[in-house]
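Engineer: To start, I am sharing the structure in question, which I have written as structure tokens.
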Amino acid sequence: NQKAVLSKYAADNGFSNPVFFIDDVVSGVTFDRPQFNRMIAEIEAGNVATVIVKDMSRLGRDYLKVGYYTEIFFVERDVRYIAINDGVDSAKGDNDFTPFRNLFNDFYAKDTSKKVRAIKRAQGQAGEHLTKPPYGYIVSPTDRKQWIVDEEAAAVVKRIFDLCIGGKGPMQIAKILKEDKVLTVKAYYAEKKGKAFPDNPYNWNENSIVAILERMDYCGHTVNFKSYSKSHKLKKRIPTTKEQQAVFYNTHEAIVEDAVFKRVQELRANKRRPTKADRQGLFSGLVYCADCGSKLHFATCKSFNGSQDHYRCSNYKSNTGSCTAHFIREEVLKQIVWSRIFDVTALFFDDIMAFHEMMYQQRSAETEKEMKRRKREVGQAKKRIVELDRIFKRIYEDDISGAISHDRFLKLSAEYEAEQRELEEKVKADQ
């Protein structure tokens with residue numbers, strides 16, 4: 177509907193060669209939207225003269241960020257901004273009511289978030305699942321609110337608990353699964369949905385194992401309200417305390433017995449773990465290994481002074497075996513960063529045009545990489561759609577011949593049709 181409105185407006189007002197940027201399933205509260213980022217890259221490349229939206233809320237629902245784009249970003253780049261239903265057109269001068277519309281849109285997003293939270297709170301207190309089923313379960317095809325066991329993944333979950341009972345730690349379990357070529361959670365879902373495999377499909381890490389071992393849902397119980405966000409504008413989730421959580425027992429089939437789960441928690445509670453650092457590293461989450469690309473983890477040395485604090489490659493700790501335990505001291509990293517800041521600052525003041533060119537090339541390279549990735553995913557989705565047509569034909573023939581029961585045919589066809597619709601929507605969204 178929005179696309180039709182925009183197409184008609186463009187045709188009626190002489191705007192030729194319109195390009196549509198559509199983020200169907202991403203909230204307007206966030207500005208980290210794939211197509212929005214693509215539009216910004218096109219604007220920065222000088223390929224956009226006018227931005228047209230149905231109304232101002234389509235640009236975004238954060239009034240501060242919307243104000244930045246409409247009052248600064250578009251103006252600096254001579255981009256005309258039009259919001260059809262709100263009567264906003266930057267070519268016709270300032271609209272004093274525009275900032276208030278942005279504020280109203282922000283209030284609307286906040287109010288909607290409150291209502292959604294209230295609904296989720298009521299559902300959670302009634303014992304309904306508030307999350308997607310964890311690895312080992314799938315949504316029942318006959319009842320979307322019910323989880324049923326995914327036998328293939330459940331076997332891996334049981335094995336992980338058995339290995340822990342047998343005295344193996346998370347890192348050792350990860351190593352065993354990797355050696356036995358067991359697909360990681362991400363790779364398993366990719367295979368099921370016909371998506372691109374991750375580069376290392378058997379690369380289990382310690383965190384994935386711990387997450388499974390600590391999840392009570394595997395006992396057949398539902399645990400709600402395990403995390404919350406401080407604001408509708410923030411994606412970060414903050415863990416809650418045990419007292420703030422709600423547990424509903426025997427809501428779905430168990431994969432792990434209560435006694436086994438309890439024993440695993442006791443074993444893990446008695447494990448000796450290194451104490452966490454008293455402070456967060458200045459570059460925590462920002463530095464990556466130059467050899468393998470993994471994050472560098474911050475580590476302190478309490479037996480030395482602060483000058484020995486360092487960052488080490490997480491691949492060594494995660495049991496990938498593809499990198500060594502090399503490290504860099506934080507003091508050395510500070511000197512490198514300061515030196516780079518001075519170099520960039522000098523470049524900016526010495527040659528502003530060269531600085532802009534450097535930034536443009538860097539952004540263009542990132543945009544090109546993202547577009548190639550999306551093109552590759554769409555190609556894989558198209559292949560899977562064709563494959564699903566063949567599969568559907570085969571199970572239909574099996575149903576007619578009596579090779580499978582009609583109930584089995586209905587269940588399989590519903591699953592394949594749902595997957596195909598999802599893939600078709602993905603392909604359509606990228607066109």
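Here the sequence shown is numbered in the working numbering, starting from 177 and rising by one per residue. Cβ coordinates follow ideal geometry from the N, Cα and C atoms, glycine included. Predicted model, so just to flag it, every value in this text is computed and none were measured.
Can you check DSSP and say which residues form a bridge with Cys489?
Structural biologist: By one-based count along the sequence shown, residue 489 stands at place 313. Answer is Leu472, bridged to Cys489.
Engineer: By DSSP, does Arg156 sit in helix, in strand, or in coil?
Structural biologist: Here the chain covers residues 177 to 607 and nothing more, so residue 156 does not appear.
Engineer: Hey, Gln596 and Leu564: beta-carbon distance below 7 Å or not?
Structural biologist: Counting from 1 along the sequence shown, the entry for residue 596 is found at position 420. Counting from 1 along the sequence shown, the entry for residue 564 is found at position 388. For Gln596 and Leu564, yes; Cβs fall inside 7 Å.
Engineer: Report yes if the CB atom of Arg209 is closer than 7 Å to the CB atom of Asp200, and no otherwise.
Structural biologist: Taking the sequence shown and counting its residues from 1, the one referred to as residue 209 is at position 33. Taking the sequence shown and counting its residues from 1, the one referred to as residue 200 is at position 24. Cβ atoms of Arg209 and Asp200: not closer than 7 Å.
Engineer: Quick check: what's the CA-CA separation for Arg463 versus Trp323?
Structural biologist: Start at 1 with the first residue of the sequence shown, and residue 463 comes out as number 287. Start at 1 with the first residue of the sequence shown, and residue 323 comes out as number 147. The question names Arg, but residue 463 is Val in the sequence shown. Cα-Cα distance, rounded: 39 Å.
Engineer: Helix, strand or coil for Ser405? Go by DSSP, reduced to three states.
Structural biologist: The residue you call residue 405 lines up with position 229 of the sequence shown. Note: Ser405 maps to coil in three-state DSSP.
Engineer: What does the Cβ neighbour count give for Tyr313, buried or exposed, with the cut at 16 atoms within 10 Å?
Structural biologist: Working through the sequence shown from its first residue, we reach residue 313 at position 137. Tyr313 is buried by the Cβ-count criterion.
Engineer: Out of Thr398, Phe337 and Val508, which has the shortest C-alpha to C-alpha gap to Gln301?
Structural biologist: The residue given as residue 301 occupies position 125 in the sequence shown. Taking only the C-alpha atoms, the option nearest Gln301 is Thr398.
Engineer: Sort out for me which residues DSSP pairs Ala259 with in a bridge.
Structural biologist: Residue mapping note: residue 259 aligns to position 83 of the sequence shown, counting from 1. Beta-bridge pairing links Ala259 to Val229 and Val264.
Engineer: On the premise that Gly461 lies in contact with Lys471, defined as a C-beta separation below 8 Å, what is that separation, rounded to the nearest angstrom?
Structural biologist: Indexing the sequence shown from 1 puts residue 471 at position 295. Indexing the sequence shown from 1 puts residue 461 at position 285. The pair is a contact, with the Cβ atoms about 7 Å apart (cut-off 8 Å).
Engineer: By the 10 Å Cβ neighbour count, where 16 or more other Cβ atoms means buried, how is Ala445 classified, buried or exposed?
Structural biologist: For the purposes of this step, residue 445 is taken as the residue at position 269 of the sequence shown. The residue is exposed, with fewer than 16 neighbouring Cβ atoms inside 10 Å.
Engineer: Check each candidate in Gln211, Arg552 and Asp188 and name the one with the smallest Cα separation from Val195.
Structural biologist: The residue you call residue 195 lines up with position 19 of the sequence shown. It is Gln211.
Engineer: To which residues does DSSP link Trp323 through a beta bridge?
Structural biologist: Translated into positions along the sequence shown, residue 323 becomes position 147. Paired residue(s): Val315.
Engineer: Under a three-way DSSP split, which group does Lys452 fall into?
Structural biologist: Looking up residue 452 in the sequence shown gives position 276. Low per-residue confidence applies at Lys452: pLDDT is 49, beneath 50, and the placement is therefore not dependable, though the value from the model is reported in the following sentence. Lys452: coil per DSSP, three-state reduction.
Engineer: Would you tell me roughly how many angstroms separate the C-alpha atoms of Gly469 and Asn376, rounded to the nearest one?
Structural biologist: Indexing the sequence shown from 1 puts residue 469 at position 293. Indexing the sequence shown from 1 puts residue 376 at position 200. Distance between the alpha carbons of Gly469 and Asn376 is about 13 Å.
Engineer: With distance defined between alpha-carbon atoms, name the residue in Ser192, Gly236 and Tyr364 nearest to Val224.
Structural biologist: Translated into the one-based positions of the sequence shown, residue 224 becomes position 48. Closest option to Val224, Cα to Cα, is Ser192.
Engineer: Please report the residue range of the alpha helix (DSSP H) in which Asn379 lies.
Structural biologist: Numbered from its first residue, the sequence shown carries residue 379 at position 203. Here Asn379 belongs to no alpha helix (DSSP H), and DSSP marks it neither H nor E.
Engineer: From the DSSP output, read off the bridge partner residues of Pro415.
Structural biologist: What you label residue 415 is simply residue 239 of the sequence shown in a count that begins at 1. According to DSSP, Pro415 bridges with Ser403.
Engineer: If distances are taken between C-alpha atoms only, which option among Ile504, Ala466, Cys465 and Asp467 comes closest to Cys475?
Structural biologist: Start at 1 with the first residue of the sequence shown, and residue 475 comes out as number 299. Note that residue 475 is Ala in the sequence shown, not Cys. The residue with the shortest Cα to Cα distance from Ala475 is Ile504.
Engineer: At which residues does the alpha helix (DSSP H) containing Ala302 begin and terminate?
Structural biologist: As a working note, residue 302 is residue 126 in the sequence shown. Note, Ala302: premise wrong, no alpha helix (DSSP H); not H, not E.
Engineer: Assuming Ala608 and Arg552 form a contact by the criterion Cβ under 8 Å, report the distance between their Cβ atoms to the nearest whole angstrom.
Structural biologist: Absent from the structure is residue 608, since the part of the chain shown begins at 177 and ends at 607.
Engineer: Take Thr416 as the anchor and find which of Asn426, Val229, Leu235 and Ser403 has the nearest alpha-carbon.
Structural biologist: The residue given as residue 416 occupies position 240 in the sequence shown. Checking every option, the nearest Cα to that of Thr416 belongs to Ser403.
Engineer: Heavy atom of the ligand FMN less than 6 Å from the Cβ of Phe373, yes or no?
Structural biologist: What this structure holds is no ligand at all, so the ligand FMN is not there to describe.
Engineer: Should Val432 and Phe337 be called a contact, given that it needs their Cβ atoms to be closer than 7 Å?
Structural biologist: On the sequence shown, position 256 is the one that residue 432 refers to. On the sequence shown, position 161 is the one that residue 337 refers to. Cβ distance < 7 Å, so Val432 and Phe337 count as in contact.
Engineer: What do you get for Tyr245, buried or exposed, if any count of 16 or more other CB atoms within 10 angstroms of its CB means buried?
Structural biologist: Stepping through the sequence shown from its first residue, residue 245 is reached at position 69. It counts as buried.
Engineer: Take Asp265 as the anchor and find which of Ser203, Val202, Arg320 and Asn189 has the nearest alpha-carbon.
Structural biologist: As a first step, residue 265 must be located in the sequence shown, where it is residue number 89. Checked all of Ser203, Val202, Arg320 and Asn189; the closest Cα to Asp265 is Asn189.
Engineer: What does the alpha-carbon distance come out to for the pair Ala141 and Lys587?
Structural biologist: Here the chain comprises residues numbered 177 to 607, so residue 141 is not present and cannot be evaluated.
Engineer: Cutting at 6 Å between CB atoms, please list the residues of its own chain near Met215, excluding the five before and the five after it.
Structural biologist: For the purposes of this step, residue 215 is taken as residue 39 along the sequence shown, with counting starting at 1. Within the same chain, Met215 has close Cβ partners Phe197.
Engineer: In three-state terms, what does DSSP make of Ala422?
Structural biologist: In the sequence shown, counting from the first residue as 1, residue 422 sits at position 246. Ala422 falls in the strand class under three-state DSSP.
Engineer: What distance in whole Å lies between the Cβ atoms of Val315 and Pro346, which are believed to be in contact at a cut-off of 8 Å?
Structural biologist: As a first step, residue 346 must be located in the sequence shown, where it is residue number 170. As a first step, residue 315 must be located in the sequence shown, where it is residue number 139. Approximately 28 Å separates the beta-carbon atoms of Pro346 and Val315; this is outside 8 Å, ruling out the contact.
Engineer: Would Pro450 be called buried (16 or more neighbouring beta carbons within 10 Å of its own) or exposed?
Structural biologist: Taking the first residue of the sequence shown as 1, we reach residue 450 at position 274. In this prediction, Pro450 has a pLDDT of 42, which is less than 50 and means its spatial position is unreliable; what the coordinates show is noted afterwards. Its Cβ having fewer than 16 others within 10 Å, Pro450 is exposed.
Engineer: Considering only residues of the same chain and omitting the five flanking positions on each side of Ala180, which have a CB-CB separation below 7 Å?
Structural biologist: Taking the first residue of the sequence shown as 1, we reach residue 180 at position 4. If we look at Ala180 and ignore the five residues flanking it on each side, it has no Cβ neighbours.
Engineer: On the DSSP bridge list, what partners appear for Thr398?
Structural biologist: Residue numbering aside, residue 398 sits at position 222 when the sequence shown is read from its first letter. Its beta-bridge partners are Phe424.
Engineer: Which residue marks the beginning of the alpha helix (DSSP H) containing Asn213, and which one marks its end?
Structural biologist: In the sequence shown, residue 213 corresponds to position 37, counting from 1. Counting along the chain, the alpha helix (DSSP H) containing Asn213 begins and ends at Pro210 to Glu220.
Engineer: On the DSSP bridge assignment, give the partners of Tyr536 in chain order.
Structural biologist: Here residue 536 refers to the residue found at position 360 of the sequence shown. None, per the DSSP bridge assignment.
Engineer: For a test of the three-state rule: what should DSSP assign to Lys545, helix, strand or coil?
Structural biologist: Within the sequence shown, residue 545 is the residue found at index 369, counting from 1. Three-state result, Lys545: helix.
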